[in-house]
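Asker: Quick one: this structure, given as structure tokens, is what I'll be asking you about.
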Amino acid sequence: MKQLTLPIAMARAPTLAGFDAGPNEPALAHLKLWAGSPTRSPVPTYLWGPPASGKTHLLKAVQEALREQGAATGWLDASVPEPPAFDERWAVVLMDDVHLYTAVQQHAAFSWFVSAQALQRGVLAAGLLPPADLRLREDLRTRLGWGHVFQLQVLSEPERRAVLRRAADARGVFLSDEVMDFMLTRFSRDLGSLMQLLEQLDAYALQTQRAITIPLIKSMLENE
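Residue numbering for the sequence shown is 35 to 258, as defined by this note's numbering.
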């Protein structure tokens, strides 16, 4: 059966508290301590792992935590074709999907990294591969690897089920095993997408005054 995907915009900003770590608890604990410290260490942190392991969630969660503290951040990912110059108001530089960077983006990332280190600002980056395997310019690749490095893993299916169950319970929503099976086999299986789907299902169920069932999910899709 072909998987369905939903272009659902996230209604809430990712948070560190909302990250279900599973085997990634060491990385989460490190980032909570780092983001919450008034004397944030300038030693860089690099996260790597497969798609859907939580890299972007953690970077955006750190960005949100710093925003709540009133701190400005610089953000760079592969969708930014012409990165701006480093801004001295940035408390932290966040660089996502570094393995996809073009030559122009690599140049900007290196410049940001050097400027951040000179001003004792933090650097948090993420990519698909460990630093040694990144096909980037050597000066950027080596800098990404000299600080804290954490490998992230995708949650297992039982772990994803448990997270969905807890999230549904917190909303006062009942998800039958049949509905859970349908969600995990017919939709994108990464946890972020599943949580967004649950949020949309909850809203649609409230709107239609119906319980969440497979027919309700199909009806929601037909009415999008």
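Beta carbons: idealized from backbone N, C-alpha and C, even for Gly.
Go through its chain and collect everything with a Cβ distance to R177's Cβ below 6 Å, but skip five positions before and after it.
Answerer: The residues are F147.
Asker: Here's the rule: buried if 16 or more other CB atoms are within 10 angstroms of the residue's CB, otherwise exposed. What is Q154?
Answerer: Result: exposed.
Asker: Give a yes or no on whether the C-beta atoms belonging to L81 and K89 are separated by under 8 Å.
Answerer: Closer than 8 Å, so yes.
Asker: Excluding the 5 residues flanking L134 on each side, which residues of the same chain have their C-beta closer than 7 Å to its C-beta?
Answerer: Only A112 meet the Cβ criterion.
Asker: Pull up the distance between the alpha-carbon of T107 and that of Q234, whole angstroms please.
Answerer: If you take the alpha carbons of T107 and Q234, they lie about 30 Å apart.
Asker: DSSP three-state call for M35: helix, strand or coil?
Answerer: Low per-residue confidence applies at M35: pLDDT is 33, beneath 50, and the placement is therefore not dependable enough to give any value.
Asker: Let me know if L67 comes out buried or exposed under the rule of 16 or more other beta-carbons within 10 Å of its beta-carbon.
Answerer: Looking at its Cβ environment, which holds fewer than 16 other Cβ atoms inside 10 Å, L67 is exposed.
Asker: Consult DSSP for T176 and reduce its assignment to one of helix, strand or coil.
Answerer: Helix at T176.
Asker: Distance check for A204 and E256, CA to CA, integer angstroms please.
Answerer: Distance between the alpha carbons of E256 and A204: 27 Å.
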